[in-house]
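Chemist: Residue numbers (our numbering): 2 to 252. Take a look at the following structure, please.
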Amino acid sequence: MSAVEHAVKPSRWPAYMDIVQGATGLFLVLFMWTHMFMVSSILISKDAMYWVARMFEGEPILGKPYPALVSGFAVFILSLIVIHAFLALRRFPATARQYNTMNEHIGNLKHSDTTLWYVQVFTGFALFFMASVHLYQLIFHPSNIGPYASSDRVWTGMMWPLYLIMLFVVELHAGIGIYRLVIKWGLFLGDNPKRNRHRLHVLKWILTVFFLVLGLATLGAYMKIGYEHAHQAGERYAPSWQDPADAAHHE
């Protein structure tokens, strides 16, 4: 192979990084949606949420809760976020000139998918910091999860403003991310890409609205419980099947 041929040989690293970025993004979206269903168990009952919290600590399998499992998984999720964010930064404007040029192109194009990408950039930037705050709490205070403990954190700990903003940021970023990933790899487009692209666009907004409504209802439930429990903040929840005297050892 000549020196010229070697010099112009395209690198495979951008493709590898795109694959890793897409894979980590897909995993994080599916995790966030699953997480939403888990925390929304409070809408069923306090007992349901208590069981879910203990499940994450391994109690149903290991016989007793191990909060360190929550810390370990939170570290894993934070690591994926860092990797995903690092790879996504390749697409971000690096200078004020690039930023202004991008704004000009977006304004001229008036293309819905390009606008969605723009929203994804800013929501991703905000999400990196907000998710880090939430995961920091889980890493260093893994046992503070439960009907009362979580509600006290939301209300008495004044975390609800952060969670409210993060809810919209997460769902916008997740919905746009999964939509763009599907379009990028040409999935579900079939023999009529234009029609199916429109359907995927509609489905994206349906999913976003669904999880926003579920998230708002869930956050409202935690705020209500936290408000009613404010005078006893710090007290742990005792499920209906458990002796209240043992509750402090589990939640």
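Every residue, glycine too, gets a C-beta built ideally from N, C-alpha and C.
Cβ atoms of I107 and T96: under 9 Å apart, would you say?
Modeler: Position 95 of the sequence shown, counted from the start, is the residue given in the question as residue 96. Position 106 of the sequence shown, counted from the start, is the residue given in the question as residue 107. The answer is no: Cβ separation not under 9 Å.
Chemist: Look up H230 in the DSSP assignment and say whether it is helix, strand or coil.
Modeler: Taking the first residue of the sequence shown as position 1, residue 230 is located at position 229. H230 falls in the coil class under three-state DSSP.
Chemist: Starting from the Cα of G235, find the closest Cα among I62, S80, G227 and give me that residue.
Modeler: Here residue 235 refers to the residue found at position 234 when the sequence shown is read from its first residue. Comparing Cα positions, the closest option is G227.
Chemist: Return yes when the Cβ of T124 is within less than 9 Å of the Cβ of V171, no when it is not.
Modeler: Here residue 171 refers to the residue found at position 170 when the sequence shown is read from its first residue. Here residue 124 refers to the residue found at position 123 when the sequence shown is read from its first residue. Yes, Cβ-Cβ distance for V171 and T124 is below 9 Å.
Chemist: Report the residue from L213, Q233, L81 whose alpha carbon sits nearest the alpha carbon of D153.
Modeler: Looking up residue 153 in the sequence shown gives position 152. Comparing C-alpha distances from D153 to each of L213, Q233, L81 shows the shortest one belongs to Q233.
Chemist: Please report the straight-line C-alpha distance between I62 and W52, rounded to a whole angstrom.
Modeler: Taking the first residue of the sequence shown as 1, we reach residue 62 at position 61. Taking the first residue of the sequence shown as 1, we reach residue 52 at position 51. Spanning the two alpha carbons is a distance of roughly 12 Å.
Chemist: Do the CB positions of H135 and L163 come within less than 9 Å of each other?
Modeler: If you number the sequence shown from 1, residue 135 lands on position 134. If you number the sequence shown from 1, residue 163 lands on position 162. In contact: H135 and L163 (Cβ atoms closer than 9 Å).
Chemist: Measure the CB-CB distance between F93 and F130 and report whether it falls below 9 Å.
Modeler: Here the question's residue 93 lines up with position 92 in the sequence shown. Here the question's residue 130 lines up with position 129 in the sequence shown. The answer is no: Cβ separation not under 9 Å.
Chemist: Taking F57 as the reference, which of L128, A75, I45, K47 has the closest Cα?
Modeler: Position 56 of the sequence shown, counting from 1, holds the residue named residue 57. For the residues L128, A75, I45, K47, the minimum Cα distance to F57 belongs to A75.
Chemist: Note down the Cα distance separating S42 from R55, rounded to an integer number of angstroms.
Modeler: Taking the first residue of the sequence shown as 1, we reach residue 42 at position 41. Taking the first residue of the sequence shown as 1, we reach residue 55 at position 54. Looking at the two C-alpha atoms, the distance is approximately 13 Å.
Chemist: N145: buried (16+ other C-beta within 10 angstroms of its C-beta) or exposed?
Modeler: Counting from one through the sequence shown, the residue named residue 145 turns up at place 144. With 16 or more other Cβ atoms within 10 Å, it is buried.
Chemist: Once DSSP output is grouped into helix, strand and coil, what is the label at F130?
Modeler: In the sequence shown, counting from the first residue as 1, residue 130 sits at position 129. Helix.
Chemist: Express the C-alpha separation of E60 and V210 in angstroms, rounding to a whole number.
Modeler: As a working note, residue 210 is residue 209 in the sequence shown. As a working note, residue 60 is residue 59 in the sequence shown. C-alpha separation (whole angstroms): 34 Å.
Chemist: From the DSSP output, in three-state form, read off R237 for me.
Modeler: Along the sequence shown, read from residue 1 onward, the residue named residue 237 stands at position 236. R237 falls in the coil class under three-state DSSP.
Chemist: Is any beta-carbon of chain C found at less than 9 Å from that of F32?
Modeler: Looking for chain C here will not work: only one protein chain is present.
Chemist: Could you tell me the alpha carbon to alpha carbon distance between S80 and V30, rounded to whole angstroms?
Modeler: For the purposes of this step, residue 80 is identified with residue 79 of the sequence shown, where counting begins at 1. For the purposes of this step, residue 30 is identified with residue 29 of the sequence shown, where counting begins at 1. Each residue's alpha carbon lies about 15 Å from the other.
Chemist: So, using beta-carbon positions, are P240 and D48 closer together than 9 Å?
Modeler: Here residue 240 refers to the residue found at position 239 of the sequence shown. Here residue 48 refers to the residue found at position 47 of the sequence shown. Going by C-beta atoms, P240 is nearer than 9 Å to D48.
Chemist: Measure the C-alpha to C-alpha separation of A222 and A150 and round it to an integer number of angstroms.
Modeler: Residue mapping note: residue 222 aligns to position 221 of the sequence shown, counting from 1. Residue mapping note: residue 150 aligns to position 149 of the sequence shown, counting from 1. Taking the straight line joining both Cα atoms gives about 13 Å.
Chemist: Using only CA atoms, which one of K205, P148, D192, M160 lies nearest to I45?
Modeler: One-based indexing of the sequence shown puts residue 45 at position 44. Comparing Cα positions, the closest option is P148.
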